[in-house]
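Residue numbers (our numbering): 4 to 1059. We put the beta carbon where it would ideally sit given N, CA and C, even for glycine. None of these values were measured; they are calculated from a predicted model. Report on the following structure.
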Amino acid sequence: MRNLLPYPPVALMAFMLSTVPDSSLAKDSFFTAKTASKDYSAAVVLPPATPASFEEANTLPFQDNNRDVRGSVTDSTGTTLVGVTVFIKGTTTGTSTDVNGKYVLSAPENAVLVFSYIGYNSQEVAVKGRDIVNVVLRTNSSQIDEVVVVGYGTQRKISTVGAQSSVKPTELQLPVRNLSTSLGGRLAGVVSVQRSGEPGGDDADIYIRGISTFSNSLSKPLVLVDGVPRPFSDVDPEDIENFSILKDASATAVYGVRGANGVLLITTKSGTAGKPKFNVRYNEGVTRFTKVPEFADGVTYMEMANEALTTRGGQPRYSSETIEATRNQTDPYLYPNVDWYKELFNKWGSTRRLNLNINGGTDRVNYYVATSFYDEKGLYKTDQLAEYDSQVSYKRYNLTSNITLKPSSSTTVKLGVQGYLANVNYPGTSASDIFEKAFFMTPVLNPVKYPDGKMADVAASSVQNPYALLTQTGYANQWRNQLFSNLRVTQGLDFITEGLSATGMFSFDAYNYVSLRRTKTPDTWLANGRDAEGNLIYQQTRIGTEFLGYSRNNNGSRTIYNEAALNYQRDFDLHSFGGMLLFNQSDEINTQASDFETSLPFRFRGIAGRATYAFKEKYFAEVNFGYNGSENFLPSKRYGFFPSAAVGWLISEEPFFSPLKGIAQMVKLRVSHGIVGNSNIGGRRFAYLGTVASTTGYSFGKTPSNISGYDIGEYAVDVTWETAMKSNLGLDIWTVNNGLNLQVDIFHERREGIFLRRASLPAYVGMRNNPYGNVGKIDNKGIDASANYSGKLGKNFTFQLLGNITFNRNEVIENDEPNPIYPWLDRKGLKVGQRFGYVALGLFNSEEEIANSAFQAGDVRPGDIKFKDLNADGRIDAYDQAPIGYGQVPEIIYGFGFTLGYKAFTISTLFQGVGNMDIWLNGEGLIPFQQGLSRGNLFNNIHDRWTVENPNPNAFYPRLSAGTVNDNYARSTWWIANGRYLRLKTAQLSYKLPKRYTEKVKISNADIFFSGVNLLTFTPFKLWDVELGDGSDAAFPGGAMYPNVATFSIGFNLNF
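Structural data, given as structure tokens:
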């Protein structure tokens, strides 16, 4: 009986060295067995058996009743399986099959033997007193044959050593326009936040393992569709065969200067041999806003405005008569009380999608052809009498065609054509401007319009009435179309050497964008009283334009991409070797360039390589490299070399793991390390070339002056790419029969050479604009994990549970800023984009407390915010601002859900959540009367405030004021709100119609389904949709955006 303890190191080294094929060795020093269509040949040096081996020690208590059970293990074809683990259920007693697939195990008569082997379903067999137990194991194709997409190729899942995640394409088939909005909570390592729900403008921000450079926009991953860099938001989910993300250096090094931010890979469907198969999927739905701000009414607004004045010693603005007239609405045109959101938006919008596809073919030719239509209408209340449509809407037509030809057994030709045509309609004024005005517009400033149809508005430099902006400023219409085409030829070169092949690909993509704007300015009026006959007395506040104007904007590009590669894959006995060497280049031309610089082609060129090795399908090693560059850098600094290395160890195939085979069928440890680059560093093109221009602004001497001269701007001769040194430690576990799949990765990245304007040069150097340089450094570390558990209860009930979580935290190591006077002002050691602000200690209780505290500028009274004097100098100023909050990009993002099936019914859900994210409450739409009483709405929580009558120290709002009279509304911890949330992202109930009905009409499968997206949100933040964040600046809070939408739909799916 074999000893299950590991071989001594010397014996193991001898074993590995002896596996190198050499015909000069004596034939009797080898044994040969075929397993899973592979030859295993090895010379084995075994240690002497110890008197009490592992198995014998465990079987001693049963010695009297034990008997030797013998047998063989084969697969379904009769091929013997070497190294199958055989153990007694409930014990650690076990052995493995020998080179002939045979085993011998001492076991009790009533024992149950468990047979386990990687790539096969485990099997339990009762001994029942038998001496011989032969077993046939069935292949688990999801383990042994599953192929995953990697950089520039594919690999068997069991042999991958890089960190990557994938999602089933069926999980992305949601009733939404944008594929990017479907990813949140589905993939470990992916951070996804959606900042707008506007049709046609609802792209989510996608980051892989968070932010690793100083700009969020420069942290976006590389996206490849069918191997070519392309946008993916408009890809139809029905056409996706594979969706994966590559996260560590081992997986992304082949992309060189474009791989540092991770890579997102999409492969579209191909046809399968057989008669034509048709699929029709249709859904119809409605949409509504997930959450809109709720504002105070006009009476509350006027009462709060008066309080803001009188509590600071001023006089009230609104008389009691005016307030009563507004309350009673006796004359709504002179005393308006407008709920702007109610006037602007419907409760429901609409959406529909139709997808038709057909696939089939022969062994020589197969095809997949699909077309789809998507239509979504927004929630604006438009003017039905207008001669144009100002509703925001999005329509898209997709076409996908993939044809595969096999002229010979060694030649494969794939021709793919995809494209879409999209039409987007907007009001003449942007949605952001409309929502901004609705967010800021007071309910009492003016009515929506007057009885005779005149648009109401105050006298101002621009139109303030959001309804007038929506309905009376015309419309804008965009046409977007994109064509993707690629031709790929793969030729087997087995006549040169077995396992060698060559691939060539040519791709041509074209993008065109046309925007037509037909806009005008409306006439506006303001009524300030009534005449003796009761007619409104108008003052015209704006003379508009009678006819719609016309403007046209074109944009477009054409990209040619070429790729040529040699691939090698071959097995030698216990060894498996693989290799890839690839050359690629692309040229992108701006077809609507307006100047010489933008007319120059955007070019990329490089080579990539990979070498893989596997021993006994137990030990794996892989090296990758990318050698490529960017035209944006000086020729001498244009190209770079980006290597990576990774190893994997299938621990579950070691003899010492046999006792655990009944629990975990596959356990794999992965380790990788490498360097990747990022050439998307921001700034202008050709930043290594300085610009010279005549300007003013130079100061000389002790007295500041403004002297003219020539300025050398943005000079960065040494500029080059960022480098990311990535390390990853991963663990994969598959339990028996693939019931539980678990993947955990711990990662660390050091990003260096980040492109920044130099900040350490003092003014006396004499430079008007400091030069740029690759001076920044950022650390990013974290963990991501995913788990999937599936099973069956009884005959009719199935279930699947899934979950994933990602945590990442970045840290600024170097930003070239000089050391500040106080350590808490130093941004080094903090998060990227770390907010700074005052530390709020609460609200002042009395004048005495104010007098005994550090000096704060302005009109400071009881009820105002008290700030911490960090440097203890007796006054609150910029030196007292410290790091506060987490920021808008969450550090934690997670998802979990389930799928339950009972007979013909299936229900599935996905919850998505984030943590370690906050929202800075800012802007005049939130801060009461920040710009006096000219504009600024009030949230309906304004009653939760400090007052003289109710001096609540925990009130949401401090003492009110009209305008900025002190630092109450400066950025501080008082205005940082927790932005965590948990959202029911998707839910679907489906029913499969009985085949006895569908087959009568030649339908092989028919499902009807009810589905929803963004259905429920649980969060402590109640003011607006928390996922919108807090906006980009103080005057534009996140709530002043087109909200995200919830979708409810019904549909069907037919196959015939």
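Can you tell me whether residue i is buried or exposed, with buried defined as 16 or more other CB within 10 angstroms of its CB?
{"i": "Ile-209", "result": "buried"}
{"i": "Gln-859", "result": "buried"}
{"i": "Ala-129", "result": "exposed"}
{"i": "Val-1048", "result": "buried"}
{"i": "Asp-862", "result": "exposed"}
{"i": "Thr-1020", "result": "buried"}
{"i": "Leu-796", "result": "exposed"}
{"i": "Glu-1075", "result": "What is shown of the chain runs 4 to 1059, which leaves residue 1075 out entirely."}
{"i": "Ala-311", "result": "buried"}
{"i": "Phe-550", "result": "exposed"}
{"i": "Thr-38", "result": "A caution first: Thr-38 carries a pLDDT of 35, below 50, which makes its placement in the model unreliable, though a value can still be read off. Buried, since its Cβ has 16 or more Cβ neighbours within 10 Å."}
{"i": "Thr-989", "result": "buried"}
{"i": "Ser-195", "result": "buried"}
Among the options, which one has its Cα closest to the Cα of residue i?
{"i": "Glu-725", "options": "Asn-944, Tyr-336, Asn-426, Gly-632", "result": "Gly-632"}
{"i": "Tyr-106", "options": "Leu-84, Gln-588, Ala-114", "result": "Leu-84"}
{"i": "Phe-605", "options": "Asp-534, Gly-381, Gln-588", "result": "Gln-588"}
{"i": "Asn-772", "options": "Leu-764, Ser-185, Ser-655", "result": "Leu-764"}
{"i": "Gln-746", "options": "Ile-135, Val-76, Gln-167, Leu-267", "result": "Gln-167"}
{"i": "Asn-143", "options": "Pro-240, Gln-197, Gly-1034, Thr-738", "result": "Thr-738"}
{"i": "Ile-922", "options": "Phe-1024, Phe-914, Leu-828, Leu-873", "result": "Phe-1024"}
{"i": "Thr-407", "options": "Gly-419, Thr-314, Thr-694", "result": "Gly-419"}
{"i": "Asn-783", "options": "Leu-992, Thr-809, Tyr-984, Leu-357", "result": "Thr-809"}
{"i": "Asp-819", "options": "Asn-811, Asp-829, Glu-306, Arg-812", "result": "Asp-829"}
{"i": "Gly-1015", "options": "Ala-263, Gly-680, Ile-910, Thr-94", "result": "Ile-910"}
{"i": "Glu-977", "options": "Phe-1013, Gly-935, Leu-924", "result": "Here residue 977 turns out to be Trp, not Glu, going by the sequence shown. When only C-alpha atoms are compared, the closest one is Leu-924."}
{"i": "Asp-526", "options": "Ser-488, Gln-467, Ala-990", "result": "Gln-467"}
{"i": "Gly-939", "options": "Glu-634, Thr-445, Tyr-155, Gln-394", "result": "Thr-445"}
{"i": "Val-193", "options": "Ser-375, Ala-788, Thr-474", "result": "Ala-788"}
{"i": "Val-102", "options": "Val-87, Asn-113, Val-115", "result": "Val-87"}
{"i": "Glu-127", "options": "Tyr-304, Tyr-383, Lys-92", "result": "Lys-92"}
{"i": "Leu-734", "options": "Ala-790, Pro-826, Leu-903, Gly-776", "result": "Ala-790"}
{"i": "Thr-173", "options": "Arg-189, Phe-800, Lys-160", "result": "Arg-189"}
Any heavy atom of the ligand ADP closer than 8 Å to the CB of residue i?
{"i": "Phe-901", "result": "Although the ligand ADP was asked about, the structure shown includes no ligands whatsoever."}
If you draw a straight line from the C-alpha of residue i to the C-alpha of residue j, how long is it?
{"i": "Pro-178", "j": "Lys-831", "result": "44 Å"}
{"i": "Tyr-882", "j": "Val-892", "result": "26 Å"}
{"i": "Gly-866", "j": "Arg-962", "result": "5 Å"}
{"i": "Leu-759", "j": "Lys-780", "result": "10 Å"}
{"i": "Tyr-841", "j": "Glu-755", "result": "31 Å"}
{"i": "Phe-580", "j": "Leu-992", "result": "46 Å"}
{"i": "Lys-350", "j": "Val-226", "result": "36 Å"}
{"i": "Gly-547", "j": "Gly-559", "result": "34 Å"}
{"i": "Gly-288", "j": "Phe-645", "result": "48 Å"}
{"i": "Tyr-120", "j": "Gly-742", "result": "15 Å"}
{"i": "Glu-1077", "j": "Glu-952", "result": "Any answer about residue 1077 is impossible in this case: the structure gives the chain only from 4 up to 1059."}
{"i": "Ile-979", "j": "Glu-1030", "result": "15 Å"}
{"i": "Asp-334", "j": "Asn-264", "result": "60 Å"}
In terms of residue numbering, what span does the alpha helix (DSSP H) encompassing residue i cover?
{"i": "Ser-169", "result": "Element bounds for Ser-169: not the alpha helix (DSSP H) but the beta strand (DSSP E), 167 to 170."}
{"i": "Thr-329", "result": "323 to 331"}
{"i": "Thr-313", "result": "301 to 313"}
{"i": "Asp-436", "result": "434 to 443"}
Which residues share a DSSP beta bridge with residue i?
{"i": "Ser-79", "result": "For Ser-79, which the question treats as bridged, DSSP gives no partner whatsoever."}
{"i": "Phe-1055", "result": "Tyr-285, Ile-1011"}
{"i": "Leu-227", "result": "Pro-232, Leu-268"}
{"i": "Arg-878", "result": "Phe-858"}
{"i": "Ser-393", "result": "Per DSSP, none; premise fails for Ser-393."}
Assuming residue i is part of the beta strand (DSSP E), what are its boundary residues?
{"i": "Glu-725", "result": "725 to 738"}
{"i": "Gly-651", "result": "642 to 653"}
{"i": "Tyr-616", "result": "605 to 618"}
{"i": "Glu-127", "result": "126 to 129"}
{"i": "Thr-374", "result": "368 to 380"}
{"i": "Lys-417", "result": "414 to 430"}
So with Cβ pairs under 9 Å, would you call residue i a contact of chain B?
{"i": "Tyr-972", "result": "Considering every chain present, this structure includes no chain B. It has just one protein chain."}
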